[in-house]
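See structure below.
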Amino acid sequence: MAVEKTLILVKPDGTHRKLTGLVIDRLDAAGLEMVGAKMVSVSEKLAREHYKALADKPFFPDLIKYIRGEFHGFKDHRVMALAYRGENAIGKARAVAGATNPEHASPGTIRGSFGRITTTGHFENVLHASSDEADAEREVKLWFRPDELLKD
Ligand code: UDP
Ligand code: MG
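Numbering (this note's numbering) for the sequence shown: 328 to 479.
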């Protein structure tokens with residue numbers, strides 16, 4: 328199994344509900360090694376770049392508002408960005424997160440325990456986890472400068 332890097336974001340609903348420590352604990356328990364960590368005030372530009380593959384989806388404008396904390400009334404656009412390394416890190420982090428739709432996520436996963444669907448139909452699912460190798464590589468580079476990551 329290949330050693331991979333992956334990007335995790337504790338989204339504004341996660342930071343707001345004090346779930347950052349829980350996310351870190353679960354990723355630790357999954358055997359992953361943290362190689363980068365920082366609080367980020369997410370600009371509109373960064374949000375759009377991060378989610379550019381979803382730009383044609385009807386929920387895209389709300390997704391940008393969500394990742395920037397605007398649904399939660401944050402003025403500081405607070406997200407915690409984490410980079411992890413490990414064998415099969417991408418799959419392991421996705422397993423910790425659970426399915427995208429909190430209603431479909433297993434109860435033992437973070438999204439299954441703490442995610443919700445808003446009355447407007449949007450998923451609030453606590454964290455982002457890169458979905459495949461290409462995304463993980465692109466996303467780690469987008470959120471972290473090389474000198475902000477522990478060396479391999
Ligand atoms: N999303 C949503 N409704 C959908 C699909 C996605 O609100 O029908 C949001 C949700 O916050 C999700 C994000 O858009 O985490 C990115 O979607 P993606 O399909 O990449 O899911 P993920 O990789 O986050 O599991
Ligand atoms: Mg995705």
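Glycine is no exception: its CB is placed at the ideal position from the N, C-alpha and C atoms. Since the structure is predicted, the reported quantities are computational estimates derived from the model, not experimental observations.
Per the coordinates, the alpha-carbon of R412 lies some 18 Å from the alpha-carbon of T347.
Judged by pairs of C-beta atoms under 8 Å, the stretch 393-413 does not touch the stretch 423-432, as fewer than three such pairs exist. Distance from the C-beta of H455 to the nearest heavy atom of the ligand MG is below 8 Å. Collapsing the DSSP output to three states places L346 in coil.
The three-state reading of DSSP puts A364 in strand, counting E and B together.
The Cβ atoms of L469 and E376 sit closer than 9 Å to each other. Of the candidates I417, E464, D340, I417 places its Cα closest to the Cα of M328. In the three-state scheme derived from DSSP, where H, G and I count as helix and E and B as strand, V467 is classed as helix. DSSP places E376 inside the alpha helix (DSSP H), whose first and last residues are 371-377.
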